[in-house]
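Heads up, the final residue of the sequence shown is numbered 517 in our numbering, and it's a clean run with no missing numbers. Note that CB positions come from ideal geometry on N, CA and C, so glycine has one too. Accompanying notes for the structure given below.
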Amino acid sequence: MDVNSAEKNQHPNNQVFDVSINIPPQDGSKCFDDDGRLKRTGTVWTASAHIITAVIGSGVLSLGWATAQLGWIAGPAVMLLFALVTYYTSTLLAACYRSGDPINGGRNYTYTDAVSANLGGFKVKLCGLIQSVTVFGVAVSYTIASSIRLANIERSVCFHKNGVEHPCPIKRNLYMIAVGIIEILLSQILPSGHLGWMSGVAAVMSLCYSSIEVGLGIAKIKETGKIRGSLTGISTSTVTSTQELWGWFQALGVMAFAYGYFLVIPEILDTIRSAPSVPKTMRKASLVSIAVATIVYMHTVYCQPLFTFVEKKAVEKFPNSQFIRREFRIPILRLGRYKLNFFRLVWRTIFVIVTTVIAMLLPFFIDIIGLLGALNFWLLMVYFPVKIYIKQTNITKWSIRWVLFQILIVVCLIVSVAAAAGSVAGFVHDLKSYKPFSSDF
Numbered sequence: 077m078d079v080n081s082a083e084k085n086q087h088p089n090n091q092v093f094d095v096s097i098n099i100p101p102q103d104g105s106k107c108f109d110d111d112g113r114l115k116r117t118g119t120v121w122t123a124s125a126h127i128i129t130a131v132i133g134s135g136v137l138s139l140g141w142a143t144a145q146l147g148w149i150a151g152p153a154v155m156l157l158f159a160l161v162t163y164y165t166s167t168l169l170a171a172c173y174r175s176g177d178p179i180n181g182g183r184n185y186t187y188t189d190a191v192s193a194n195l196g197g198f199k200v201k202l203c204g205l206i207q208s209v210t211v212f213g214v215a216v217s218y219t220i221a222s223s224i225r226l227a228n229i230e231r232s233v234c235f236h237k238n239g240v241e242h243p244c245p246i247k248r249n250l251y252m253i254a255v256g257i258i259e260i261l262l263s264q265i266l267p268s269g270h271l272g273w274m275s276g277v278a279a280v281m282s283l284c285y286s287s288i289e290v291g292l293g294i295a296k297i298k299e300t301g302k303i304r305g306s307l308t309g310i311s312t313s314t315v316t317s318t319q320e321l322w323g324w325f326q327a328l329g330v331m332a333f334a335y336g337y338f339l340v341i342p343e344i345l346d347t348i349r350s351a352p353s354v355p356k357t358m359r360k361a362s363l364v365s366i367a368v369a370t371i372v373y374m375h376t377v378y379c380q381p382l383f384t385f386v387e388k389k390a391v392e393k394f395p396n397s398q399f400i401r402r403e404f405r406i407p408i409l410r411l412g413r414y415k416l417n418f419f420r421l422v423w424r425t426i427f428v429i430v431t432t433v434i435a436m437l438l439p440f441f442i443d444i445i446g447l448l449g450a451l452n453f454w455l456l457m458v459y460f461p462v463k464i465y466i467k468q469t470n471i472t473k474w475s476i477r478w479v480l481f482q483i484l485i486v487v488c489l490i491v492s493v494a495a496a497a498g499s500v501a502g503f504v505h506d507l508k509s510y511k512p513f514s515s516d517f
C-alpha cells in the first residue's frame, strides 16, 4: 500500500504517520479497516463506558452545589434540559463521523477534523483554541477537586480523632503536589484506542463514588430528618439578590460542564466497529450513558486530544527530530512493552506542572468549571455540531428544520452568556478574600 493509497480515505489534515503504510490493500480484510488502521472493535457498551467515565467523573463533584443554587424545582429541570440537548447534538456529531458519503467517506478522527472538513477557515482555528483552553482548564479544575477531596478526608479523620471543635488546619498544596506527581505518570498513558479496559474501570469507579455520595446524603437525611436546600434555591436572607442571580447563572455553567463530553466524541467514534453503522452505535451509547449519568446526578480521558494534537504538530514541524520521533520499547513484566518517547515525557510533564501550579494559585473549582461550561457548551456542543450537520446534510436555508436549528443555537447562546457572566462574578467575589498560594484549608 503506497502513500497515496494510504491517504485516499483520510481527512487531508491527518498526517501519513497515522497510517500503517506497509499494509496490503484492506478491502475485506479481517484485521484492518478501510483506512489501513487495525479493525475497530468498540461496541455500545465500550462507548458507553468511555462516555460515563467522562460525564460522571466531571459532573458529580459539582452538581450538588449547582442544584442548591437553583433549587429542587429548577435544578432537576435544568439538568434534564441539558441532558436532552447534549444527547441530541451528540447524535448530530456522530452522524458526521464520515465526511461526504456516510458509508465510504473519509473518517474524521478528531473534533477539529470534522470542523475542518465541513466548515473550514477561521472556525477551525477557533475550534482548536477553545478545545485547548477547555482541556487545560479541565486539568486545572480536576487537580483542585482532587486535592480538596483528599484534604477533606484528612480533616474528617482529624475531627473524629480530636472532635469537631478542633480547628484541624490542612495543608492543601501538599495534596496538589501529590496529585500532580500522579498525573505526570498517568499523562504518559497512550490514547483511548488502547484504553478500553481503563474506561471500564473508571466508569465503575465513577458509579461507586457517586453511589457513596448518594448513600451519605440518604444517611444524613435519616440522621437529621430534614432535606437540605429549598424549592427555589439559595435564599436572599443569606446572600444579596445580586449574588443570588449570579449564583443561578453560574450554576447553569456548572451543569453545562457536567454534560460536556463533546471533546472526546470523535475519539470514541473512532473506536467503534463499522458494523452496524457507527452513528447508530453512538446514538445508543449516548442514550445509555446520558441516562445513567442523569439518574446518578439526579485526567486521562480529557487531556488525550490536546496531547495528541501537540505531538502531531511537533512531528509535522520537526519531521527529522529524533527527540520528537524516536521511541524506545521498554518491557513491563508480563504486560508487554511500553513505548517511551522523550518528547512526550517532557512535554506532558511540563503540562501537568503548569496546571498544578495554576491550581495552587487559583483554587476556585466551581468558578473554573462554571466558566468552562459556559465557554464551550454553546460553541462545541451546540454551534459546531449543528452547523456541521446542516452543511453535510444540505439542509435548505429558511426551511423549517433550518429555522429550528437557528433557534436552538440562539437559545443556547443566551444560556452560555448568562453562565459566563455568573462565573466571572464568582471569580471576582472569591478573589477579594483570597491570597495566592494560600495553603491552609
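Beta-bridge partners of S175 (DSSP): G182.
Across the set L489, H236 and Q398, the C-alpha of H236 shows the shortest separation from the C-alpha of C244. Rounded to whole angstroms, the Cβ separation of L345 and A170 is 6 angstroms, and the two are in contact under 8 angstroms.
In the displayed model, K237 falls within a helix according to three-state DSSP. In the same chain as C234, and ignoring 5 residues on each side of it, the C-beta atoms closer than 6 angstroms to its own belong to C244, in chain order. Around the CB of P407, fewer than 16 other CB atoms lie within 10 Å, so the residue is classed as exposed. Pairing V462 with L168 gives a Cβ-Cβ distance under 9 angstroms. Listed as beta-bridge partners of G118 by DSSP are I348.
In chain order, E403 place their CB closer than 6 angstroms to the CB of N417, counting only its own chain and leaving out the 5 sequence neighbours on each side. A Cβ-Cβ distance of about 40 angstroms is found for the pair Q468 and G323, leaving them out of contact under the 8 angstroms criterion. DSSP places P439 outside both helix and strand once states are collapsed to three, so it counts as coil. Counted as a single uninterrupted DSSP element, the beta strand (DSSP E) harbouring R405 occupies residues F404 to P407. Bounds of any beta strand (DSSP E) do not take in K302, whose DSSP letter is neither H nor E. Cβ atoms of A450 and A501 stay farther apart than 8 angstroms, at about 12 angstroms.
Contact between V428 and E230 is absent: CB atoms are separated by about 23 angstroms, not below the 8 angstroms threshold. DSSP lists no beta-bridge partner residue for Y459. As computed with DSSP, Y414 is found in a beta bridge with I406. In the structure shown, K508 adopts coil according to DSSP, grouped into three states. Apart from sequence neighbours up to five positions away, the residues of its chain that approach F158 with a beta-carbon distance below 7 angstroms are M331, A332 and Y335, ordered along the chain. Distance from Y163 to I341 at the Cβ level is roughly 12 angstroms; contact not present, criterion being Cβ atoms closer than 8 angstroms.
F108 has L114 as its beta-bridge partners, per DSSP. Under the three-state reduction of DSSP, N396 is assigned to coil, being neither helix nor strand.
Rounded to whole angstroms, the Cβ separation of W454 and S492 is 4 angstroms, and the two are in contact under 8 angstroms. Only residues of its own chain outside the window of five on either side were considered, and among them none has a CB closer than 7 angstroms to the CB of I179. Between C203 and V191, the C-beta gap is smaller than 9 angstroms, which places the two residues in contact. Check the Cα spacing between H242 and each of S232, L507, L409 and N194: the tightest is with S232. Between the alpha carbons of M281 and L139 lies a distance of about 18 angstroms.
Taking the C-beta atoms as reference points, V391 is found nearer than 9 angstroms to R401. Contact between F325 and A193 is absent: CB atoms are separated by about 35 angstroms, not below the 8 angstroms threshold.
For the pair G118 and G213, the Cα-to-Cα distance works out to about 29 angstroms.
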